[in-house]
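Note sheet for the following structure.
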Amino acid sequence: MEPKTYKEALTQACWIEAMQEELNEFERLEVWELVPRPDKVMVITLKLIYKVKLDELGGILKNKARLVARGYRKEEGIYFEESFAPVARLEAIRIFLAYAAHKNMVVYQMDVKTAFLNGNLREEVYVSQSDGFVDPDNPNHVYKLKKAFYVLK
């Protein structure tokens with residue numbers, strides 16, 4: 001069963017491990033840096049979302065925790081210029097597959113882990129430290145994002 005809150009997730013070791021794995025990816029990919037909170041900037045809060053990933057037979061493949069920004073609290077033109085998701089449109093995928101079939105090409109499918117965390121940012125965006133993962137030496141600091149981030153709509 002998927003927890004709805006951070007507090008619920010703390011009751012099972014598998015979810016604690018999933019949360020730690022997600023935060024380790026953020027560190028590894030250098031998504032952010034911990035900085036003193038600047039004056040007069042909006043700091044976006046974070047939320048952990050929990051999902052059980054299943055295999056084709058319905059068995060549990062893994063427990064996934066995803067850290068997302070509560071982006072719906074930002075207003076376009078004030079806090080950011082535009083919003084987009086770097087994903088292919090269905091029509092483009094269909095055209096590509098039709099062309100590949102026409103040319104007898106072999107097509108491989110793959111999943112890019114943490115794909116959204118690979119895009120660099122132009123704007124200055126600050127997010128809060130996540131519940132349960134606050135730096136004990138700098139509890140009032142915030143993260144300045146260096147790369148794109150998942151946004152909860």
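Under UniProt numbering, the residue at position 44 of the sequence shown is numbered 44, and the numbers go up by one with no gaps. Ideal Cβ positions, reconstructed from N, Cα and C, are used throughout, including at glycine.
For residue i versus residue j, is the C-beta distance shorter than 9 Å?
{"i": "L48", "j": "A9", "result": "yes"}
{"i": "R70", "j": "L34", "result": "no"}
{"i": "N63", "j": "W32", "result": "no"}
{"i": "A65", "j": "E30", "result": "no"}
{"i": "L145", "j": "V125", "result": "yes"}
{"i": "residue 157", "j": "G132", "result": "With the chain running from 1 to 153 in the structure shown, residue 157 is simply not present."}
Considering only the alpha carbon of each residue, which of the options lies closest to residue i?
{"i": "V68", "options": "G58, L57 and I44", "result": "I44"}
{"i": "L23", "options": "H141, N140, P139 and D135", "result": "D135"}
{"i": "V41", "options": "H141, K147 and D55", "result": "H141"}
{"i": "A18", "options": "E30, P3 and L29", "result": "P3"}
{"i": "D137", "options": "P36, L97 and L29", "result": "P36"}
{"i": "K147", "options": "Q109, Q20 and F26", "result": "F26"}
{"i": "V127", "options": "P139, R28, G58 and Y143", "result": "Y143"}
{"i": "M1", "options": "D39, V52 and R122", "result": "V52"}
{"i": "S130", "options": "V107, R122 and P139", "result": "P139"}
Just grab the DSSP bridge partners of residue i for me.
{"i": "N63", "result": "V52"}
{"i": "E91", "result": "In the DSSP output, where bridge partners are listed per residue, E91 has none listed."}
{"i": "W15", "result": "Answer is none; W15 lacks a bridge partner."}
{"i": "Y143", "result": "L34 and V127"}
{"i": "V68", "result": "K47"}
inquiry  = For the pair the region 4 to 23 and the region 88 to 102, tell me if three or more CB-CB distances fall below 8 Å.
reply    = no
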